Amino acid sequence: MSAYYAIIATRFRALLQYRAAAAAGFATQLFWGLVRVMVVTAFYQSSTAHQPMSLSQSITYIWLGQAMLAMLPWNVDREIAAMVRSGDVVYELLRPRDLYAVWFSRILALRTAPTLLRAVPMFVIALLLGMEPPKTAASAIAYVVSVMAAVLLSAAITAMVSISLLWTISGDGVLRIMGALVMLFSGLLVPLPLFPSWAQTALDWLPFRGIADIPYRLYMGHIPASDLHWALVSQLGWTAVFVLIGRLMLWRGTRRLVVQGG
Amino acid sequence: MNAISLYFRYLSVTLRGKMEYKWSFLMMALGSFAIAVGEVAAIWVMFSRFGSLRGWTLPQVAFFYGGVNICIALAETIFRGFDLFSHLIRKGDFDRLLLRPRSTILQVAGQDVSPTHIGKVAQGLIVLLWAASRLHVAWTPAKAALAVAGIGGGVCVFAGLFVLQATMCFWTIESLELMNILTYGGSEAAQYPLSIYRPWLRNLFTWLVPLACIAYVPSAAIFARPGAIVPLLSWLSPLAGVVFLALSLRVWRIGVRHYCSTGT
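As you go down the protein sequences, you meet chains A and B in turn.
Going by the working numbering, the residue at position 165 of the first sequence is 165; the numbering climbs one at a time, nothing skipped.
Take any residue in the second sequence, count from 1 to its spot, add 262: that is its number in the working numbering.
Shown next as structure tokens:
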């Protein structure tokens, strides 16, 4: 266990060094957030009907999404991808460690360190720009707990996509398809409560709600903090499913592995 | 003429190279398609919830979306080399281009062509044509010509932005990711009518980067919105894109003159 902890800690510290990239990412996310807020405000001003979320809640939802964007499964660990492409992945197979756990540890660091660098300044700015603070202290705690589960879920999806590289070598296509699914169905493009009511059941049954929508709504009290356990059941259940799929894929992949290059 | 045939030769060589990886190419195209479908779905969700956007309808916004995506995708396809320019600078490979008796603009643009962006053009076109058929606009040759001119001007604006982004590499070596705010941020913002935004954003994409001249102004004239500006001006507005590209290329030439190799 300590070996995996060491991998997480080392990668985490290494990834914290990319401050220039984080600053650029922060500026881009801030701009995107401002544009999105203006668009959603204009939509709310166009209709007087009662909406499932207030404008202020939608704005908070958008800012949370911009702050936590790096946490979503939108990219893979570059070194894992390079290993698969160059064939160095054989060295990984020689090590007396569980390969899935090694990769999962690296990915956990990838999903947390860059997010931390961007989220902290984004929260400060967004709170000044009109994002609401957490509804209650209980909501804040529920949010933090649920975000941790979301990190695990996101890492499990990232691991599955990374392992698919064993088949596709250049995984940009799979990554884009996954990115498109995640962006739409986790709530990054449009807050999920604004989807038509008939779509809500379908969204409930998809795994992507747990990456973004559930923690964000716990934050603003749109899901009461007392329902946290249901959120966790869904998030951790899907995490288990993706870990299982990932492990199965890795097992099959390494049995038929043809190493590229020499 | 020689220059253009040379450019197409560059294109065909890169394309043939890419097609060697058919599976990867297909997945990339499919991935871009999925992203576009997601974006259109998001716009549809908002309209199904709110009905309209300050008086603008879904087909009108889809018209903006399709048009702007065609513009940026065409610019990305043709000027892809400028997007990847920082690699060229960092490795010192730009020195080689300087030795050849051809324009640097042509050589950098021909460096790479991205076929997945051609797929994005097709997706934009589908959305645009759907929107055009739902707009309740009496299409005349003049209006169609204005739409084409707007798209032509838009390609120039985004191409100019890619050239400017590459030009900065002469001084910074690194590619400046902040420019993404103007390129991709611009295409994101121009998917909606600029009138819904606050003044600072509207001014940014009107006076600094003339996206308003190629998207908002021609479209408002085509939709015959009340308050659309005088016809002559809306006809001239796509020219702003051409001027923007010309200015960007001038800045590029200044950059080339100041180029100092990294030596690697």
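Glycine included, C-beta positions come from ideal geometry on N, C-alpha and C.
For clarity, every value in this text was computed on a predicted model and none was experimentally measured.
- Excluding five sequence positions before and after Glu436 of chain B, the CB atoms of its chain that fall closer than 7 Å to its own CB belong to Ser348, given in chain order.
- Looking from the CA of Val383 of chain B, the closest CA among B:Trp514, B:Leu288, B:Thr339 belongs to B:Thr339.
- Annotated three-state conformation of Leu336 of chain B is helix, per DSSP.
- The C-alpha of Phe31 of chain A lies about 28 Å from the C-alpha of Ala393 of chain B.
- For Val389 of chain B and Ser314 of chain B, the gap between their C-alpha atoms comes out near 18 Å.
- Taking the Cα positions, Val302 of chain B is about 15 Å away from Ile177 of chain A.
- When secondary structure is reduced to three states using DSSP, Leu236 of chain A falls in the helix class.
- The alpha-carbon separation between Ile332 of chain B and Leu397 of chain B amounts to approximately 18 Å.
- Using a CB distance below 8 Å, the part of the region 173-184 of chain A facing chain B consists of Gly173, Val174, Leu175, Arg176, Ile177, Gly179, Ala180, Leu181, Met183, Leu184, ordered along the chain.
- With a cutoff of 8 Å on beta-carbon distance, Thr28 of chain A and Ile443 of chain B are scored as near each other.
- Look at Leu188 of chain A here: in three-state DSSP terms it is coil, with no helix or strand label.
- CA-to-CA, the gap between Ala3 of chain A and Val145 of chain A works out to about 25 Å.
- Distance between Trp306 of chain B and Ile297 of chain B, taken at the CA atoms: about 14 Å.
- At the C-beta level, Ile458 of chain B and Val39 of chain A come within 8 Å of one another.
- Boundaries of the alpha helix (DSSP H) harbouring Trp285 of chain B: 284-312, taken from the DSSP string.
- Going by DSSP, Ile211 of chain A is part of no alpha helix (DSSP H) at all; its letter is neither H nor E.
- If you draw a straight line from the Cα of Trp103 of chain A to the Cα of Ala159 of chain A, it is about 7 Å long.
- Contact fails between the region 196-215 of chain A and the region 120-137 of chain A, because fewer than three Cβ pairs, one in each stretch, are under 8 Å apart.
- Secondary structure at Trp318 of chain B: strand, using DSSP grouped into helix, strand and coil.
- Within the region 186-216 of chain A, those residues whose Cβ lies closer than 7 Å to any Cβ of chain B are, in chain order, Leu189, Val190, Leu194, Phe195, Pro196.
- For Pro121 of chain A, the enclosing alpha helix (DSSP H) has its first and last residue at 99-128.
- With respect to the 8 Å criterion, Gly416 of chain B and Ile476 of chain B are classified as neighbours on the basis of their beta carbons.
- Here DSSP, grouped into helix, strand and coil, assigns Cys475 of chain B to helix.
- Within chain A, the residues Thr28 have their CB atoms less than 7 Å from the CB of Asn442 of chain B, given in chain order.
- Using a Cβ-Cβ cut-off of 8 Å, Phe31 of chain A counts as an interface residue toward chain B, since at least one Cβ of chain B sits closer than that to its own.
- Under the three-state reduction of DSSP, His398 of chain B is assigned to coil, being neither helix nor strand.
- Within the region 89-110 of chain A, no residue places its CB atom closer than 7 Å to a CB of chain B.
- Identification of chain B residues near Gln45 of chain A by a Cβ-Cβ cut-off of 8 Å yields Arg316, ordered along the chain.
- With a cutoff of 8 Å on beta-carbon distance, Pro480 of chain B and Trp318 of chain B are scored as not near each other.
- For Thr468 of chain B, there is no enclosing alpha helix (DSSP H), as DSSP gives it neither H nor E.
- Rounded to whole angstroms, the separation of the alpha carbons of Val370 of chain B and Leu336 of chain B is 16 Å.
- Nearest in C-alpha terms to Phe295 of chain B, of all of B:Arg271, B:Phe356, B:Leu387, B:Leu359, is B:Leu387.
- Between Arg362 of chain B and Leu268 of chain B, the C-beta spacing is not below 8 Å.
- Interface criterion met: the Cβ of Thr168 of chain A is under 8 Å from a Cβ in chain B.
- Its Cα nearest to that of Gly448 of chain B, the residue B:Val419 stands out among B:Val419, B:Pro461, B:Met430.
- Excluding residues up to 5 positions away in sequence, Tyr44 lie with their Cβ nearer than 6 Å to the Cβ of Leu55 of chain A in the same chain.
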